[in-house]
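Chemist: Below is the structure I would like to discuss, written out as structure tokens.
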Amino acid sequence: MEVKRNKWFDLLKYLLSAILVAAGIQAFYALDAQLPLYIRYLFPLVGVVAAIVIVFFWSTGGHKLTAYVRDCVSEARKVVWPERNEALRMTLFVLIFVAVLSLFIWGVDSLISWLLFDIFMKRS
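Residue 0 is where the sequence shown starts when you use numbering that gives the first Met the number 0, and the numbers rise one by one after that.
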């Protein structure tokens with residue numbers, strides 16, 4: 000029963016977040032003539048910041064997402080990254096390989112086009 004209640008409570012939090020963003024956008028356009036532009040920009044900004052706070056800090060999904068991002072960052076720190084020389088050498092190798100492969104594909108395409116159009120169809 001607690002899980003179902005928690006699920007509906009999180010759904011209400013997401014709905015409240017969407018309403019806050021929509022209200023900020025509505026206030027931006029509704030107060031078109033009364034306030035200067037730089038003040039009107041604050042309404043959507045406050046709505047988005049409030050929605051982010053609600054979603055990321057007060058909901059179960061937000062807690063799960065922040066834990067996932069934290070785990071991803073810690074795993075990325077564990078990776079042994081290559082040295083600069085090795086990275087440059089591999090990048091150069093990939094660039095040369097791509098250039099040679101593209102020339103090969105161009106050559107095969109030209110050969111097939113020549114065979115089809117000039118030899119078999121007798122067109123120039």
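Each residue gets a CB set at the ideal place from its N, CA and C atoms; glycine is no exception.
When the Cα atoms are used, what is the spatial distance from Leu10 to Trp57?
Modeler: Answer to the nearest angstrom: the Cα atoms are 12 Å apart.
Chemist: Go to Phe42, then tell me how far its alpha helix (DSSP H) extends in each direction, as first and last residue.
Modeler: It spans Leu41 to Trp57 - the alpha helix (DSSP H) in which Phe42 sits, taken as one unbroken run.
Chemist: What did DSSP end up calling Ala32 once you bin it into helix, strand or coil?
Modeler: Note: Ala32 maps to coil in three-state DSSP.
Chemist: Which value, in whole angstroms, describes the spacing of the CA atoms of Leu87 and Asp108?
Modeler: Going by the C-alpha atoms only, they are around 31 Å apart.
Chemist: Rank Ser101, Gly106, Pro81 and Ala26 by C-alpha distance to the C-alpha of Gly46 and give the top, closest one.
Modeler: The residue with the shortest Cα to Cα distance from Gly46 is Ala26.
Chemist: Could you give the DSSP three-state label for Met89: helix, strand or coil?
Modeler: Helix at Met89.
Chemist: Can you tell me whether DSSP reads Arg83 as helix, strand or coil?
Modeler: Reduced to three states, the DSSP call for Arg83 is helix.
Chemist: Please return the same chain residues whose Cβ sits closer than 7 Å to the Cβ of Ser16, not counting the five positions on each side in sequence.
Modeler: So the qualifying residues of the chain are Ala50, Ile53 and Val54.
Chemist: Thinking C-alpha only, which one of Val78, Arg76 and Ala22 is nearest Leu44?
Modeler: For the residues Val78, Arg76 and Ala22, the minimum Cα distance to Leu44 belongs to Ala22.
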